[in-house]
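Just below is one structure, and these are the notes that go with it.
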Amino acid sequence: MLSNLILGVIVLLSSIFFYLQTTDLPDRSALFPQYILWGLAIVGVLLIFQALLEGRKKAAKEELEARREARVQFNDILIFQVMVPGGLMLVAYGLLLSVGFYPASAFLVFTIYSYHAFRIDAENLNRALWVRAVIFAFVITLFMYLVFTLLLGLPAPSGALF
């Protein structure tokens with residue numbers, strides 16, 4: 314569909330842009346980000362191919378129905394898939410500046426995990442979910458610390474407090 318095509322182009326162009334930014338880094342420090350950006354570029358190309366193949370398979374009638382449905386759901390998408398995640402990113406950026414990378418990352422993983430659970434089933438928000446979210450955030454943050462700080466020796470951004 315058109316959204317996959319646009320997303321694929323954006324992912325591909327942004328990965329190329331950020332890859333060019335890594336050329337200023339030392340070779341060892343740039344290795345891991347460059348691998349990640351190569352992966353993103355490949356995903357972008359695959360999204361473009363998928364969108365082009367799907368575009369050929371769909372009939373015009375199905376496309377019109379999808380557009381009507383998209384117009385109806387625009388406000389829902391704008392609020393729940395753009396505004397709320399964008400607000401979470403701004404809060405995470407504020408936390409990054411104030412408390413540092415790893416606490417901000419733990420907060421972001423926790424809130425995104427909880428938010429996705431809320432979007433799937435709002436009645437599923439219970440104590441067990443919060444415990445799973447805290448454990449998941451801790452494990453992911455610990456993994457990032459082990460890989461980036463201990464294994465690769467990359468300095469993490471520090472905030473005003475830490």
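Our numbering runs 313 ahead of the 1-based position in the sequence shown.
Using N, Cα and C, we set each Cβ at its ideal position, and we do this for glycine too.
In chain order, what residues of the same chain lie with their CB nearer than 8 Å to the CB of residue i, ignoring the 5 residues before and after it?
i           : result
residue 328 : 350, 351, 353, 354, 357
residue 336 : 343
residue 445 : 426
Mind checking residue i: buried by the 16 CB within 10 Å criterion, or exposed?
i           : result
residue 411 : exposed
residue 415 : buried
residue 325 : buried
residue 435 : exposed
If distances are taken between C-alpha atoms only, which option among the options comes closest to residue i?
i           : options            : result
residue 316 : 336, 346, 390, 333 : 390
residue 465 : 335, 323, 342      : 342
residue 393 : 428, 448, 406, 348 : 428
residue 363 : 440, 387, 336, 318 : 318
Rounded to the nearest angstrom, what separates residue i and residue j at their Cα positions?
i           : j           : result
residue 443 : residue 424 : 10 Å
residue 400 : residue 344 : 31 Å
residue 452 : residue 369 : 43 Å
residue 339 : residue 333 : 13 Å
Are the CB atoms of residue j and residue i within a distance shorter than 9 Å?
i           : j           : result
residue 438 : residue 431 : yes
residue 360 : residue 321 : yes
residue 417 : residue 409 : yes
residue 473 : residue 462 : no
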